[in-house]
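Going line by line, the protein sequences match chains A and B.
When the letters of the first sequence are read in order and numbered with this note's numbering, they come out as residues 1 to 179.
When the letters of the second sequence are read in order and numbered with this note's numbering, they come out as residues 180 to 363.
In this text, a Cβ means the ideal position worked out from N, Cα and C, and glycines have one as well.
First the structure, in the form of structure tokens, and then the observations on it.
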Amino acid sequence: MKKMTKGAIVTGLGVALLLGGGGTLAVWNVEQTANAGTMAAGSMELTSSTGVWTSNLSNNPISDITEYRIVPGEELTYTQQLEVGLEGDQLEATLSVDTSGVTNGFSNNLTLEDFTVTKAGAADAAITAYNGSTDVESGTFTASATLAFDADNQEDMNQELDLTRLAYVLDQKAPTPAS
Amino acid sequence: MRIKTMVQTAAVISLAVVAGLLGVGGTWALWNASAPAQMGTVQAADFSVTVNGSPLASQGVTATARPETSGAALTPKTPVYSIIAITNATNASGPFSLRTVLGQPTTSNTPAALASNLTIQTASMPASNKCADASYTSTPTATTITKGATASLCLRMSLPQNAPGTLTQTTATVAVPVTATQIQ
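This is the structure:
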């Protein structure tokens, strides 16, 4: 037993001397560049141009909606350009309308409706008023919405519908992992 | 008992993590972007109609119609005319026309003898701008008034040639309902 202990001590001492003396225990190894390339994240952008209000009672655009006064039986349409930029190989998005900031003083449910976005050469895509959304791709879209003042409305003179905070929203769709 | 305690602890930790994420605004959201529609504020027009300068409200208003000729007296030979001027004073931006109708005149605070002899008729103002030249009928008089325009209507009050002399110095209050309706 004593011999075994002594032997172990001597072996440990030898290893310590080897390490302390700069010796090495390394085995073979080689190095090769993985060349995995550079990763770049995509981007998603949505910009809007100044829109135009028109009335079904006139052929001319409304120059200043804040000075305009609508009447029962009149229908206004708002049209503007939207630029959708989707950069990403697997990037898909939907377009919707955020009406959370709208203030409506009309008692007769005067609301914007018939939201549609159209891309040149493609069919109209409808965004169901206030709750719906539609898939979009990169490009220039013409967005429009209508505001119909019911001809039977006997009330709501001088009332206001504040749409200054209404916005279009672009949301990325959750990617689906390959099975 | 020990397992139950561990489960409870795990549940508490999980809830705490979720609550913590929500509390500090943590999110699992994907990308999103928004752009203002810049629609502005849309405002409805008013429905402003005046009768001889007094606003016509939805609940009705009393407007005074003065005789066409100041101080004119009603006699069996000389009817008295009044002018009812109706103005479409709306601030609507688009086309906004009104159809106004003078209804059947009525009398009040009037001696029965005078009321039974008094004939009240309405007519549109003739081109001569003199109510004496108008064509009076007993049917309601209607006219169309465009935005910002004023239409004048005539009211004729007359007595028959054989009206009794006891009507002298008696007075009558005549009311004519005016109804304005938007048309386009």
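Interface criterion not met: the Cβ of serine 233 of chain B is under 9 Å from no Cβ in chain A. The criterion of a C-beta distance shorter than 9 Å is not satisfied by alanine 224 of chain B and serine 295 of chain B. C-alpha of threonine 318 of chain B to C-alpha of aspartate 114 of chain A: approximately 46 Å in a straight line.
A check of alpha carbon separations from serine 49 of chain A across A:Gln81, A:Ala120 and A:Glu74 identifies A:Gln81 as the nearest.
Scanning its chain for C-beta atoms nearer than 6 Å, with the 5 sequence neighbours on each side dropped, one finds around aspartate 162 of chain A the residues Thr103, in chain order. Under a criterion of Cβ atoms nearer than 8 Å, no residue of chain A is adjacent to leucine 277 of chain B; the nearest Cβ is some 11 Å distant.
Straight through space, the alpha carbons of serine 58 of chain A and alanine 242 of chain B are spaced by roughly 35 Å. Within its own chain, the residues whose Cβ lies closer than 7 Å to the Cβ of leucine 293 of chain B, once the five positions on either side in sequence are excluded, are Leu346, Thr349 and Ala351, listed in chain order. Contact between isoleucine 362 of chain B and serine 276 of chain B holds: their C-beta atoms lie close to 5 Å from each other, under 8 Å.
Here threonine 257 of chain B carries a coil assignment [DSSP, helix/strand/coil]. For asparagine 211 of chain B, the enclosing beta strand (DSSP E) starts and ends at 211–215. Under a criterion of Cβ atoms nearer than 7 Å, the residues of chain B adjacent to threonine 66 of chain A are, in order, Gly219 and Thr220. In the DSSP assignment, the residues bridged to asparagine 267 of chain B are B:Val228. Just so you know, the alpha carbons of alanine 359 of chain B and threonine 279 of chain B end up roughly 4 Å apart.
Annotation: Cβ neighbours of glutamate 45 of chain A in chain B (cutoff 8 Å, chain order): Ala212.
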